[in-house]
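Reviewing the structure listed below.
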């Protein structure tokens, strides 16, 4: 399309395959996903159909296809026809309540002792420097450096007993970004592999229908790439194929430091200056100066007529899918509501101040905006270079650099969703790849002050909104906060909680290119958390 160029920061595209329906002939099923249109795998890569029991894509015979082509000339795209038929197919069928999910991932590993599972009665070598404070819920205490969240305990719950068996960053990321406790065949801690399990965002993209021509899942503000150049596994589609890699909205500046830029820090507390302005850049969704909305509309009308004349019925699925691709691009460029979702700097100044004018705050503000325009799940990555990896200097880093922007931004997100009537329908989950060791350690060669090492045996996971039973604590740990004492939960239970909140059916599966089913659920949702 002359004069049409999507932003390089937005990775998207649509592909489709023609598949015969079981027991029928002359029918096609239309399937779409978001991928990079310039990638080599776009060359007629086999597609992954969603579970028939989950997304009831309409089957369309040749006569209906021809009729749909005529409808396109009257102003309805194939995307509109497909959506209308899908809606008709669901009419009268009971559907689970569909919510949205914001998954806040704290790369590096949040210490449970300094946040949500403090042990004030333990020995000095265990309890650390921070003191617990009361929350608005009698009997529940959290860190003194999370005062804003403490005031909002009626909206959130804690799971203090999530456990898995790995203490390495790459393993932990893969586990907590995919919801699978075991390492897959061929796992490589130094880079993603095609045999990795698919990340949450890929699963959701394959099994939840998007709205407003947008993907059903997005990742902001960046992909986790360590300062060493290591691309952390667990963030991609893995065995689903690269065509299902998540939609990443790359909005963060490439500062090499940690934390909430521009208030970022160095793990070793060395002297440095912030680099990477602007701190947070909204993607450019503006039409080219020479292309007005009216001119774009005329071009699309002309293209529609030409394409209708050239379509061959045997290629109908591909054409319809490319039409959906174009509709997505058009939505991003011409829909004021969609464009606004990406422009966090256009929000009122008091809103930006409430979230915090930093990478953490702007990321969660964009997540709220994306949920508002119909993106079902947004993963927010808070922690370039494993910011929460506090082997040393744990107390000054948490107190001065990590807790203040996180406490402010998550609290603002809760308040904002509540004011907009979205809190009950939006589940917020916050976790890292593991917890930290019960015993405080000293690595004097590298750090001036003490810290805690990696600890997969237990971590605390924060849940809010989305029907969560506020003021609830599920599970507990032993006296030193080292192991679950009761109600242990696995990453599979957390994943099931997320999928259940999104309305994904318990028997849902996605299918490989060989038509092999892969079930979405590998555990039950966390009992007693929601309802």
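Numbering (this note's numbering), first residue to last: 205 to 735. Here a beta-carbon is modelled for each residue, glycine too, at the ideal position from N, C-alpha and C.
**OP:** With DSSP as the reference, label residue 701 as helix, strand or coil.
**Re:** helix
Original post:
When the Cα atoms are used, what is the spatial distance from residue 728 to residue 696?
Top reply: 7 Å
Original post:
Which of the three DSSP states, helix, strand or coil, is assigned to residue 354?
Top reply: helix
Subject >> Reduced DSSP category for residue 447 - H, G, I as helix; E, B as strand; rest coil >> reply: helix
Subject >> Spatial distance of residue 597 from residue 653 (CA atoms) >> reply: 5 Å
Original post:
What residue range is occupied by the uninterrupted alpha helix (DSSP H) comprising residue 378?
Top reply: 373–382
Subject >> Best match in 467, 381 and 725 for proximity to residue 713 [C-alpha to C-alpha] >> reply: Check the Cα spacing between residue 713 and each of 467, 381 and 725: the tightest is with 725.
**OP:** Work out the CA separation of residue 715 and residue 336 for me, nearest whole Å.
**Re:** 48 Å
**OP:** State yes or no: is the C-beta of residue 316 within less than 8 Å of the C-beta of residue 664?
**Re:** yes
Original post:
When DSSP labels each residue in this structure, what does residue 268 get in the three-state scheme?
Top reply: Caution applies to residue 268, whose pLDDT of 41 falls short of 50 and renders its modelled position unreliable; the value that the coordinates give is listed next. Reduced to three states, the DSSP call for residue 268 is helix.
Original post:
From 363, 432, 334 and 348, pick the residue whose C-alpha is nearest to that of residue 679; which is it?
Top reply: 363
Subject >> Neighbour-count burial assignment, residue 420, 16 or more Cβ in a 10 Å radius >> reply: It is buried - the Cβ of residue 420 has at least 16 other Cβ atoms within 10 Å.
Subject >> Beta-carbon proximity list for residue 582, same chain, < 7 Å, skipping 5 on both sides >> reply: 306, 422, 424, 571, 574 and 575
Original post:
For residue 709, which of helix, strand or coil comes out of DSSP?
Top reply: coil
Subject >> Short Cβ contact (8 Å threshold) for residue 471 with residue 465 >> reply: no
**OP:** Kindly indicate which residue of 444, 684, 481 and 322 has the alpha-carbon position closest to the one of residue 458.
**Re:** 481
**OP:** Could you work out which residue in 460, 444 and 334 is closest to residue 433 when comparing CA atoms only?
**Re:** 460
Subject >> Reference residue 660; option with closest CA among 639, 675 and 391 >> reply: Closest option to residue 660, Cα to Cα, is 639.
**OP:** List the whole-angstrom C-beta distance separating residue 662 from residue 686, where the pair is believed to meet the contact cut-off of C-beta under 8 Å.
**Re:** A Cβ-Cβ distance of about 7 Å is found for the pair residue 662 and residue 686, placing them in contact under the 8 Å criterion.
Original post:
Under three-state DSSP, which class holds residue 694?
Top reply: coil
Original post:
Enumerated in chain order, which unbroken segments of the beta strand (DSSP E) with a length of 3 residues or greater are wholly contained in the stretch 592–665?
Top reply: 630–636
Original post:
Is the stretch 396–403 close to the stretch 337–347, with three or more CB pairs under 8 Å?
Top reply: Touching, no.
Subject >> Endpoints, the beta strand (DSSP E) within which residue 337 is located >> reply: 336–338
Original post:
Which term fits residue 730, buried or exposed, when burial requires 16 or more other beta carbons within 10 angstroms of its beta carbon?
Top reply: buried
Original post:
Do residue 354 and residue 340 come within 8 Å of each other at the CB atom, strictly closer than that value?
Top reply: yes
Subject >> Paired residues, beta bridge with residue 722 - DSSP >> reply: 714
Original post:
How big is the Cα-Cα spacing for residue 561 and residue 656?
Top reply: 29 Å
Subject >> Neighbourhood of residue 690 by C-beta, 8 Å cutoff - its chain only, sequence neighbours within 5 removed >> reply: 365, 679 and 680
**OP:** Classify residue 567 as buried or exposed, calling it buried when 16 or more other Cβ atoms lie within 10 Å of its own Cβ.
**Re:** buried
Subject >> Backbone secondary structure at residue 563 - three-state DSSP >> reply: The answer is helix: DSSP assigns residue 563 an H, G or I state.
**OP:** Pull up the distance between the alpha-carbon of residue 325 and that of residue 682, whole angstroms please.
**Re:** 12 Å
**OP:** Rank 699, 718 and 720 by C-alpha distance to the C-alpha of residue 710 and give the top, closest one.
**Re:** For the residues 699, 718 and 720, the minimum Cα distance to residue 710 belongs to 699.
Subject >> Boundaries (first-last residue) of the alpha helix (DSSP H) holding residue 406 >> reply: 404–411
Subject >> Reference residue 586, options 577, 579, 605 and 580, closest by Cα >> reply: It is 605.
Subject >> Of the listed residues 327, 626 and 486, nearest to residue 359 (C-alpha basis) >> reply: 626
Subject >> Limits of the beta strand (DSSP E) - the one that residue 330 falls within >> reply: Not the beta strand (DSSP E): residue 330 falls in the alpha helix (DSSP H), residues 328–331.
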